[in-house]
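Participant: Residue numbers (my numbering): 585 to 966.
Beta carbons: idealized from backbone N, C-alpha and C, even for Gly.
Remember, it's a predicted structure, so these values are computed and weren't measured experimentally.
One structure coming up, written as structure tokens, with questions to follow.
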Amino acid sequence: MTDEHVINKGLEGVYFTESAICKVDGQAGRLYYRGYSIEELSKNSNFSEVTFLLLHGKLPNNREMLEFNQSMSKERDLPEGMISYIKENAQKMHPMDVLRTCVSMLPAYDAEAYDSSPEANFRKSVRIISKSASIVAAIGRARANKSYVAPDPSLGHAENFLYMLNGEKPRPEMVKILDIMLILHAEHSSNASTFGVIVAGSTLADLYAAITAGAAVLKGPLHGGADEAALSMMYNIGKPENTEKYIEDALAGRQKIMGFGHRVYKTYDPRARIIKGYLESLQTGNSEELKTLSQIAMRAEKLMIEKLGASKGIWPNIDFFSGPVYVSIGIPKELFTPLFAVARSSGWCAHMLEYWQNNRLLRPLEKYTGQLDLPYVEIGKR
Ligand code: SDX
585 MTDEHVINKG LEGVYFTESA ICKVDGQAGR LYYRGYSIEE LSKNSNFSEV TFLLLHGKLP
645 NNREMLEFNQ SMSKERDLPE GMISYIKENA QKMHPMDVLR TCVSMLPAYD AEAYDSSPEA
705 NFRKSVRIIS KSASIVAAIG RARANKSYVA PDPSLGHAEN FLYMLNGEKP RPEMVKILDI
765 MLILHAEHSS NASTFGVIVA GSTLADLYAA ITAGAAVLKG PLHGGADEAA LSMMYNIGKP
825 ENTEKYIEDA LAGRQKIMGF GHRVYKTYDP RARIIKGYLE SLQTGNSEEL KTLSQIAMRA
885 EKLMIEKLGA SKGIWPNIDF FSGPVYVSIG IPKELFTPLF AVARSSGWCA HMLEYWQNNR
945 LLRPLEKYTG QLDLPYVEIG KR
């Protein structure tokens, strides 16, 4: 095969652009947003500040943070038509499909939807990031046969999400955990869904179209859908003592264990390490369900690392421990991936705005393996 026909299946190892947003060190297991480590940010920052950092490339000062929070808060409420759509459809489709459809509906309510200026795209980014949280909360309400709860402008982003989802002010410790989960899910360089956003935007489709593409890509169980699948597996295991046999049987059947493995990390995903820390604190919690989930997760992790860690570079990723942590703050399983999208909308928008500064249509090649110049035969003679 000559050089120009080298096929990198899955674009593995292919660099398609340069970016100053995120560094993923897959060998060392390190992750940086705009130069700040994920450990520093999850310890000291919050999702709104991290969103500002991703979009602007620097941490905000007090005035900038206040203005940014006001701009996010102003965009939270949903149009009546969208609330009705969610009420009508939230129990008929997967929540990711409802979220994706609502994002693609937003241009109907945005006078500058098709204004491609950087300033308008920045304002649209804030609308998308803010509204996506309200949309997911509204979906959660509709799936529970509860009415829409209008946002509370006095609350922070994570706090307001929990308020809109549950209809009551959340406890500070729940807000803190959700805020950190949103930080950890906000950005991850050219993952499949961010790449999907950029492919769409590289044709100069508008930002709403690009983010809709990202939501469509994130849904799959090999990507953002793994968190929901990993928790389902833990429920299927049922009891801690069933864990090892379940995993052994699944591996023997060539099944992939959701929440493990990564195209870039060939060591422990640093985000998983932080989330695991919260899970260990849950083991001492009072809920039997959480204690059981935590014990199953820890036993599955131990076995998978023994069997596939060093030998195949398959380690826990961000999706493995997320489920039990979300359960601990009352998030229903079917909202896990939508919540991933709520967080990743920051990274999606940041990458799209950066790529448009030096846009180039994305159009890879494929190696043709079919025939050529076949003679056309009339249907009666075939
Ligand atoms: C995310 O890219 C990102 O940054 C994504 C993400 C982000 O923040 O945006 O980090 C979020 O998507 C995390 C990944 C969530 N997905 C899962 O947890 C699903 C389970 N994981 C696998 O499907 C897999 O590990 C992938 C898809 C994540 C990565 O797969 P690759 O790089 O395409 O590797 P592969 O499927 O070719 O696997 C290589 C080998 C295979 O064995 P062999 O055929 O060589 O014998 O490793 C095995 C695989 O069978 N393998 C697993 C496994 N993952 C890989 N075996 C068992 N369980 C697994 N989870």
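Beta carbon of K840: closer than 6 Å to some heavy atom of the ligand SDX?
Facilitator: By 1-based counting over the sequence shown, the position of residue 840 is 256. Under cutoff, so the answer is yes.
Participant: Do M936 and V781 come within 7 Å of each other at the CB atom, strictly closer than that value?
Facilitator: For the purposes of this step, residue 781 is taken as the residue at position 197 of the sequence shown. For the purposes of this step, residue 936 is taken as the residue at position 352 of the sequence shown. Yes, they are a contact pair.
Participant: Let me know the alpha helix (DSSP H) ranges lying completely inside the region 651–680, each 4 residues or longer, listed in chain order.
Facilitator: 664–673
Participant: If you draw a straight line from the alpha carbon of R727 to that of M677, how long is it in whole angstroms?
Facilitator: Translated into positions along the sequence shown, residue 727 becomes position 143. Translated into positions along the sequence shown, residue 677 becomes position 93. Rounded to the nearest angstrom, the two C-alpha atoms are 10 Å apart.
Participant: Rounding to the nearest angstrom, what Cα-Cα distance links W940 and N729 in this structure?
Facilitator: Taking the first residue of the sequence shown as 1, we reach residue 940 at position 356. Taking the first residue of the sequence shown as 1, we reach residue 729 at position 145. Using only the alpha carbons, I get a separation of about 41 Å.
Participant: Here's the rule I'm using: 16 or more other beta-carbon atoms within 10 Å means buried, otherwise exposed. How should A894 be labelled?
Facilitator: As a position in the sequence shown, residue 894 is number 310, starting the count at 1. Exposed: under 16 other Cβ atoms inside 10 Å.
Participant: Which term fits V911, buried or exposed, when burial requires 16 or more other beta carbons within 10 angstroms of its beta carbon?
Facilitator: As a first step, residue 911 is located in the sequence shown; it is residue number 327 there, counting from the start. The residue is buried, with at least 16 neighbouring Cβ atoms inside 10 Å.
Participant: Alpha carbon to alpha carbon, how far is L638 from G931?
Facilitator: Translated into the one-based positions of the sequence shown, residue 638 becomes position 54. Translated into the one-based positions of the sequence shown, residue 931 becomes position 347. Taking the straight line from one Cα to the other gives about 7 Å.
Participant: Identify which residue in G964, R966, E950, V961 has its Cα closest to the Cα of L595.
Facilitator: Locating residue 595 in the sequence shown gives position 11, counting from the first residue. Measuring from the Cα of L595, the nearest candidate turns out to be E950.
Participant: Ends of the beta strand (DSSP E) at D811?
Facilitator: Taking the first residue of the sequence shown as 1, we reach residue 811 at position 227. It is not in any beta strand (DSSP E) - D811 instead sits in the alpha helix (DSSP H) that spans 810–821.
Participant: My guess is that S977 and G808 are in contact by the Cβ rule of under 8 Å, so how many angstroms apart are they, rounded?
Facilitator: Outside the displayed range of the chain (585 to 966) lies residue 977, so it cannot be described from this structure.
Participant: Which of helix, strand or coil does DSSP assign to L762?
Facilitator: For the purposes of this step, residue 762 is taken as the residue at position 178 of the sequence shown. Helix at L762.
Participant: From what residue to what residue does the alpha helix (DSSP H) around D833 run?
Facilitator: Position 249 of the sequence shown holds residue 833. Here the alpha helix (DSSP H) through D833 covers 827–836.
Participant: Would you check if there are 3 or more beta carbon pairs closer than 8 Å linking the region 853–860 to the region 901–911?
Facilitator: yes
Participant: If we ignore side chains and look at the alpha-carbon of each, how far apart do G606 and K860 end up?
Facilitator: As a first step, residue 606 must be located in the sequence shown, where it is residue number 22. As a first step, residue 860 must be located in the sequence shown, where it is residue number 276. Per the sequence shown, the amino acid found at residue 606 is Cys instead of Gly. Distance between the alpha carbons of C606 and K860: 22 Å.
Participant: DSSP state of L949, grouped into three classes?
Facilitator: Taking the sequence shown and counting its residues from 1, one reaches residue 949 at position 365. Note: L949 maps to coil in three-state DSSP.
Participant: Per DSSP, which residues does F844 bridge with? Please list them.
Facilitator: Within the sequence shown, the letter at position 260 stands for residue 844. DSSP output for F844 lists P900 as bridge partner(s).
Participant: Could you tell me if H846 is buried or exposed, where buried requires 16 or more neighbouring beta carbons within 10 angstroms of its beta carbon?
Facilitator: Locating residue 846 in the sequence shown gives position 262, where the first residue counts as 1. So H846 ends up on the buried side.
Participant: Does at least one heavy atom of the ligand SDX sit under 6 Å from the Cβ of H846?
Facilitator: The sequence position of residue 846 within the sequence shown is 262, counting from 1. Correct: H846 has its Cβ closer than 6 Å to the ligand SDX.
Participant: Measuring CB atoms only, is the region 621–641 touching the region 760–768, in the sense that at least three cross pairs come out at less than 8 Å?
Facilitator: yes
Participant: Please find out if some non-hydrogen atom of the ligand SDX comes closer than 6 Å to the beta-carbon of K896.
Facilitator: In the sequence shown, counting from the first residue as 1, residue 896 sits at position 312. Yes.
Participant: What did DSSP end up calling Y732 once you bin it into helix, strand or coil?
Facilitator: Looking up residue 732 in the sequence shown gives position 148. The answer is coil: DSSP assigns Y732 none of H, G, I, E or B.
Participant: For N901, count neighbouring Cβ atoms within 10 angstroms of its own Cβ and tell me buried if that reaches 16, exposed if not.
Facilitator: Position 317 of the sequence shown, counted from the first residue, corresponds to residue 901. N901 comes out buried.
Participant: Using 6 Å as the cut-off, classify the Cβ of L806 as near or not near the heavy atoms of the ligand SDX, replying yes or no.
Facilitator: Position 222 of the sequence shown, counted from the first residue, corresponds to residue 806. Yes, the Cβ of L806 comes within 6 Å of a heavy atom of the ligand SDX.
Participant: Please confirm whether any heavy atom of the ligand SDX lies closer than 6 Å to the CB of A856.
Facilitator: Reading the sequence shown from its first residue, position 272 is the one you call residue 856. It does not: the Cβ of A856 is nowhere closer than 6 Å to a heavy atom of the ligand SDX.
Participant: Just verifying my parser: in three-state terms, what is the DSSP assignment at V603?
Facilitator: Counting from one through the sequence shown, the residue named residue 603 turns up at place 19. For the record, residue 603 in the displayed sequence is Ser; it is not Val. S603: coil per DSSP, three-state reduction.
Participant: In whole angstroms, what separates the C-alpha of R928 from that of M817?
Facilitator: For the purposes of this step, residue 928 is taken as residue 344 along the sequence shown, with counting starting at 1. For the purposes of this step, residue 817 is taken as residue 233 along the sequence shown, with counting starting at 1. About 24 Å.
Participant: Give me the Cα-Cα distance between E651 and N645, rounded to the nearest whole angstrom.
Facilitator: Locating residue 651 in the sequence shown gives position 67, where the first residue counts as 1. Locating residue 645 in the sequence shown gives position 61, where the first residue counts as 1. Distance between the alpha carbons of E651 and N645 is about 10 Å.
Participant: How would you write the range of the beta strand (DSSP E) that R614 sits in, first residue to last?
Facilitator: Translated into the one-based positions of the sequence shown, residue 614 becomes position 30. Per DSSP, R614 belongs to the beta strand (DSSP E) from 614–617.
Participant: Please look up how many angstroms separate the CB atoms of F844 and M888, rounded, as I've assumed it's under 8 Å.
Facilitator: Taking the first residue of the sequence shown as 1, we reach residue 844 at position 260. Taking the first residue of the sequence shown as 1, we reach residue 888 at position 304. Indeed they touch by this definition, with Cβ atoms about 5 Å apart.
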